[in-house]
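Here's the structure, in structure tokens; my notes come after.
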Amino acid sequence: MKVSPRAYEILWDAHAWTGVLSSIVLFALFFLGTFALFAEELAPWQEPSFRGPIAVSDAHALELAQRLVDTEVEAKPAWFGISLPTEEEPWLRIWRLAPGGTVQSSWMDPVSGQPLGERSDLGEFLNAMHFLDPIPGGKYLAGIASVVLLLLIVTGGLIQLGKLVRELVQFRPHQGHRVRWSDAHKVLGVVNAPFLLLFALTGTVLCLSAWLQPAVVATTLEGDARAVESATDWPVPPPRKGEAARAPDLRLALERAQQRFPQATHRWFFIDNLGDANAVVHLPGESSGTINAFEHVWVSLAGEIVRVREKGGATSYSRTMETLYGWHFATWAGLPVKVLYALLALLASFGILAGNLLWLERRRSRGLGSFDRLLEKLTAGGCAGLTFAVAALFLANQLLPAALHERPRYEHALFYVSWLGALGYALVERSAARSARRLLIGASGLLFAVPLIDAARTARIPFASGSPFVLATELGLVFLGLLLAGAARAVSRMEPHGGSPLPLEELANDSTPSPT
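All residue numbers in the sequence shown are consecutive under this note's numbering, ending with 531.
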């Protein structure tokens, strides 16, 4: 089955134009998604001073947590949280809701009970940047890009109707650039189509749900904001009663949660209205190997279970949303599946670049216009520059002083400055290929250097830390460095065309109509 020539041309135009206009954002989402998958596993790596194994019993950690809550009760925060030590984070983590509404984190040694001071948030920051969340309006931009990705998948599939099997195995690396990038784009698109569709759907819903919620409340829910609580099956915290009260008994609350969900692991205590008679302890319980991984229990100050939320919640909406979240972040999977997700995300990133290069090679035969030359530079600075910015972030994580006040802000700032600086360099550099190659080489070199710097700082042999999380991070950085070095080599082998027409045999090998 094939579409008509006119429909084919329309589909090609829609696919090509939406692809190049959204390419930088989509590349960022997929490339940063490789790090978002391992946000928890990066925790031991990102703070060498906290990396030593801290072996304490759950009973001792819980006793320390109780003392912290007893001390905090005088301040009467609206919301306060504590997590017990885990294999990835072998310390106590504390959350406080600041008066301005922001959540502040701190950490404590569960053996000595001493505060651990400033700490990097490298993994959490990259996870947030996967959604562009730290950028104003970025999460909505990510959602719109996910919608565009749906359009690209549909139009790409229709363009390849009747040719999917052939395109899946057709790759001609020894042909000219145009044929090479065309084959790469189509092969990667066909192979990666199920993965792309999954992330387009889940990314659209997860990023745009908050944006669309006011409209849903005003229309479908007839202005009843409390109906959202029922639809999401997520309770609104009770109001403060205004009567001073003691701190909740964390051990009793934990016992209640474990009795209700004995198979789940309970490590978190989130307390609403601490110091008030209406205080409630929220205990999420996590189960491995399932899409809907969390079960929730809310326990009153008197030790009574006031609310329970089963896996996925009790409504169709909550089950759908949590299932999408589970698929998007592979919460159901172990390390091998996460690695597979990461490799597919890198393939998606390369497929996006191949699409841009195909566009440019097709346009080059007629002479690149101002938009095409801008696209060349934006692709170099936005995509290769992002890899450099991530590498610079890992370097900053190593070199910034551990006691630097508000250290994460400096790491974030260096990431943004590196990305913007790379983009500026690509815009002023005459050759986009040269700027891309240099940025990729720089990123590769930094990624190779980071494990060596870490080994020198911690006085150990490289790749011999004794921690599986640190070793996995080091191997991942080296693997990514090799990929970027290979990409730089591929860019360096691209021959300049100088605007001359492509050979006739190359034109004959690519039957895709021009997008102009």
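Heads up, the beta-carbon is just placed ideally off N, CA and C, and yes, glycines get one too.
### Message
Could you check whether F403 and A437 sit closer than 7 Å to each other, using their CB atoms as the reference points?
### Response
Yes, the pair counts as a contact, with Cβ atoms nearer than the cut-off.
### the region 148-158 / the region 213-222 touching (three or more Cβ pairs under 8 Å)
As far as the Cβ criterion goes, the region 148-158 touches the region 213-222, which means the pair count is three or higher.
### Task
Using the Cα positions of G116 and F95, report the straight-line distance between them to the nearest angstrom.
So the two alpha carbons sit approximately 12 Å from each other.
### Task
Compute the Euclidean distance between the alpha carbons of W122 and S302, then round it to the nearest angstrom.
Their Cα atoms are separated by approximately 25 Å.
#### Entry: Completely contained beta strand (DSSP E) runs for the region 227-289, where each covers 3 or more residues
Taken in chain order, the unbroken stretches of beta strand (DSSP E) that lie wholly in the region 227-289 and span 3 residues or more are 283-287.
### Query
For G132, which of P416, P483, L355, P92 has the nearest alpha-carbon?
Ranking P416, P483, L355, P92 by Cα distance to G132 puts P416 first.
### Message
Looking at the secondary structure, which residues open and close the beta strand (DSSP E) in which R322 lies?
### Response
In this chain, the beta strand (DSSP E) harbouring R322 covers 320-324.
### Which listed residue (L462, H420, E391, H311) has its alpha carbon closest to that of L4
Given that the chain is displayed from residue 16 to residue 531, the structure contains no residue 4 and the question cannot be resolved.
#### Entry: Own chain residues within Cβ distance below 7 Å of E258, not counting five before or after
Cβ neighbours of E258 beyond the five flanking positions: D291, A292.
### Task
Work out the CA separation of I286 and A464 for me, nearest whole Å.
The alpha-carbon separation between A464 and I286 amounts to approximately 43 Å.
### Query
Using the rule of at least 16 other Cβ atoms within 10 Å of the residue's Cβ for burial, across every protein chain shown, is L552 buried or exposed?
This structure cannot speak to residue 552, because the chain is shown only from 16 to 531.
### Query
Any idea what DSSP makes of A119, helix, strand or coil?
The sequence given here has Gln at residue 119, not Ala. If DSSP states are grouped into helix, strand and coil, Q119 belongs with the strands.
### Span separating the alpha-carbon of A268 from that of G318
The straight-line gap separating the alpha-carbon atoms of A268 and G318 is approximately 6 Å.
### Task
Work out the CA separation of W313 and H297 for me, nearest whole Å.
Their backbone Cα atoms lie some 4 Å apart in a straight line.
### Query
What first and last residue would you give for the alpha helix (DSSP H) that runs through W60?
Its alpha helix (DSSP H) spans residues 58-61.
### Task
Have a look at T33 and W347 and give me their C-alpha separation to the nearest angstrom.
If I take the Cα positions, the gap works out to 33 Å.
### Query
Are the beta-carbon atoms of I364 and F45 separated by less than 7 Å?
Note that residue 364 corresponds to Ser in the displayed sequence, not to Ile. The answer is yes: Cβ separation under 7 Å.
### Task
Determine, using beta-carbon pairs with one atom in the region 97-105 and one in the region 388-405, whether at least three such pairs fall under 8 Å.
Output reads no: the region 388-405 does not touch the region 97-105.
### Task
Pair every Cβ in the region 420-429 with every Cβ in the region 471-488, then say whether three or more of these pairs are closer than 8 Å.
As far as the Cβ criterion goes, the region 420-429 does not touch the region 471-488, which means the pair count is below three.
### Message
My output table needs one value for W106: the three-state DSSP class, helix, strand or coil.
### Response
Residue state, collapsed to three classes: coil.
### Query
Taking C-beta to C-beta, are P125 and A93 nearer than 7 Å?
Between P125 and A93, the gap from beta carbon to beta carbon reaches 7 Å or more.
### Task
Would you please verify whether the beta carbon of L339 is less than 7 Å from any beta carbon of chain E?
Looking at the structure shown, chain E is missing, and only one protein chain is on hand.
#### Entry: Closest by C-alpha distance to L455, when choosing among C398, L429, R255, A428
Here the closest residue by C-alpha is C398.
### Query
Whose C-alpha, out of A51, E62, L368, is nearest the C-alpha of Q413?
Of the candidates A51, E62, L368, the one whose C-alpha sits nearest the C-alpha of Q413 is E62.
### Query
Whose C-beta lies closer than 6 Å to the C-beta of V506 among residues of the same chain, with five residues either side of it excluded?
For V506, where only same-chain residues beyond five positions count, the Cβ hits under 6 Å are A448, A451, R452.
### Message
Since A500 and S433 should fall inside the 8 Å C-beta cutoff, what is the C-beta to C-beta distance between them, to a whole number of angstroms?
### Response
That pair is no contact at about 19 Å.
### T335 classed as buried or exposed, judged by whether at least 16 other C-beta atoms fall within 10 angstroms
For T335, the number of other beta carbons within 10 angstroms of its own is below 16, and it is reported as exposed.
### Neighbourhood of Y340 by C-beta distance below 8 Å, restricted to the same chain and skipping five residues each side
Closer than 8 Å at the Cβ level, and outside the excluded window around Y340, lie T217, L221, T346.
### Supposed contact pair T473 and L57 - C-beta distance, whole angstroms, cut 8 Å
Not really, about 16 Å apart at Cβ, beyond 8 Å.
### Task
Under 6 Å Cβ to Cβ from A441, same chain only, skipping five residues before and after it: list those, please.
Within the same chain, K392, A395, G396, S450 come within 6 Å of A441 by CB-CB distance, once the 5 residues on both sides are set aside.
### Query
Quick one, are the C-beta atoms of A215 and L165 less than 7 Å apart?
Their beta carbons are under 7 Å apart, which means A215 touches L165 by this criterion.
### C-beta contact flag for W60 and V485 at 7 Å
Yes. Within cutoff.
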